[in-house]
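Student:
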Amino acid sequence: MKAEMAEQVSSFPAKYGRVPHLVVILVGDDLGSQTYVRNKAKACDVVGIKNTTIRMPAETPQAALLAKIAELNADPEVDGILVQLPLPRQISEPKVIEAIAQEKDVDGFHPLNTAAMWQKRPNSSYTIPCTPKGIIKLLDEAKVPIEGKKAVVIGRSQIVGLPVSKLLLDRNATVTICHSRTKDLAEITRQADILVVAIGRPKFVTGDMVKEGVAVIDVGMDKDPDTGKLCGDVDFASVEPKASAITPVPGGVGPMTIACLMENTIERFLVKMGAE
Ligand code: GUN
Numbered sequence: 381m382k383a384e385m386a387e388q389v390s391s392f393p394a395k396y397g398r399v400p401h402l403v404v405i406l407v408g409d410d411l412g413s414q415t416y417v418r419n420k421a422k423a424c425d426v427v428g429i430k431n432t433t434i435r436m437p438a439e440t441p442q443a444a445l446l447a448k449i450a451e452l453n454a455d456p457e458v459d460g461i462l463v464q465l466p467l468p469r470q471i472s473e474p475k476v477i478e479a480i481a482q483e484k485d486v487d488g489f490h491p492l493n494t495a496a497m498w499q500k501r502p503n504s505s506y507t508i509p510c511t512p513k514g515i516i517k518l519l520d521e522a523k524v525p526i527e528g529k530k531a532v533v534i535g536r537s538q539i540v541g542l543p544v545s546k547l548l549l550d551r552n553a554t555v556t557i558c559h560s561r562t563k564d565l566a567e568i569t570r571q572a573d574i575l576v577v578a579i580g581r582p583k584f585v586t587g588d589m590v591k592e593g594v595a596v597i598d599v600g601m602d603k604d605p606d607t608g609k610l611c612g613d614v615d616f617a618s619v620e621p622k623a624s625a626i627t628p629v630p631g632g633v634g635p636m637t638i639a640c641l642m643e644n645t646i647e648r649f650l651v652k653m654g655a656e
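Each residue of the sequence shown is one higher than the one before, counting from 381 in the working numbering.
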């Protein structure tokens, strides 16, 4: 995807006079967020997207962040704005998400973009969130059939669980959404043809919780309590032998999410340039 996008973007200066510009705002110094933001900048460099990272201190008042967003909204040479989540306590995430101009919201978190997805509007002027979009691409790329299959999603977050459930439903899967208070979870996960895990607990899903042939998408970015290293929500060692397909952590959903962010940024740019 990155190579294809790099080729596409290389034709933009001649056609549109410039390349897309993504601005990422990082408030505070959360370790995970710093890694995400660094990887986003690297991917932009590979694809040829102009990128700016704005770092603000952890104690930044909400008003200062909102003022920065207003400035970027008004800048005609900024095509995408992403505020890295989570934000420090004094700042309201919904307020910040709503403040980003809908047409520059490359995360697809703005209420208008969320509404468009739930209403299934076939329109390129809306953005689909990166991680859910990438999960569907991974399944398609691995030729995992979705239509008519049982998909189980563990996690109900606004960023992953809810939107990926909707996208799977749109592809005619039968979707069950589970969460931390689901009873008899393993009985439900054992029925899954497709299992998406986004619960944020290290190695939570084990081999005995899945059936033979399942396709597993691990969205976890956890710290392994034994080794202190990055690990997923799925215990890869016990689940992988039973799975027909499985994403590793690191190296699975993370890079795909970033590739989709690049794609969303290019889409916003092209809509603005009147290309679609
Ligand atoms: N933090 C974790 N995932 C995401 C994401 O997809 N977008 C933003 N903005 N912050 C995140």
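Beta carbons: idealized from backbone N, C-alpha and C, even for Gly.
1) Given the structure, does I640 come close to the ligand GUN, in the sense that its CB is under 7 Å from one of the ligand's heavy atoms?
2) Three-state secondary structure (DSSP) at D455?
3) Is I539 near the ligand GUN, judged by its Cβ being under 7 Å from some heavy atom?
4) Can you tell me whether Y506 sits near the ligand GUN, meaning its C-beta is under 7 Å from at least one heavy atom of the ligand?
5) Let's see if you can read the secondary structure: which residues bound the alpha helix (DSSP H) around D425?
6) Decide if D604 is buried, meaning its Cβ has at least 16 other Cβ atoms within 10 Å, or exposed.
7) For D487, verify whether its CB is less than 7 Å away from any heavy atom of the ligand GUN.
8) Which word fits E643, buried or exposed, when buried means at least 16 other C-beta atoms lie within 10 angstroms of its C-beta?
9) Roughly how many angstroms lie between the CA atoms of Q538 and V651, to the nearest whole one?
10) Let me know the secondary structure DSSP gives G460 once reduced to three states.
11) Any heavy atom of the ligand GUN closer than 7 Å to the beta-carbon of L590?
12) Comparing C-alpha positions only, which one of E473, G535, T507, D409 sits nearest to R581?
Tutor: Let me lay it out:
1) Per the sequence shown, the amino acid found at residue 640 is Cys instead of Ile. Judged by the Cβ position, C640 fails to qualify as a neighbour of the ligand GUN at the 7 Å threshold, every heavy atom of the ligand being at least this far.
2) The answer is coil: DSSP assigns D455 none of H, G, I, E or B.
3) Yes, the beta carbon of I539 sits closer than 7 Å to at least one heavy atom of the ligand GUN.
4) For Y506, the Cβ stays outside the 7 Å cut-off from all heavy atoms of the ligand GUN.
5) Run containing D425: 411-427, per the alpha helix (DSSP H) assignment.
6) Looking at its Cβ environment, which holds fewer than 16 other Cβ atoms inside 10 Å, D604 is exposed.
7) Within the cutoff, so yes.
8) E643 sits buried, since 16 or more C-beta atoms from the chains shown fall within 10 Å of its C-beta.
9) Their backbone Cα atoms lie some 25 Å apart in a straight line.
10) DSSP places G460 in strand when its eight states are reduced to three.
11) It should be pointed out that residue 590 corresponds to Val in this sequence rather than to Leu. Checking the Cβ of V590 against the ligand GUN gives no.
12) Comparing Cα-Cα distances from R581 to each of E473, G535, T507, D409, the minimum goes to G535.
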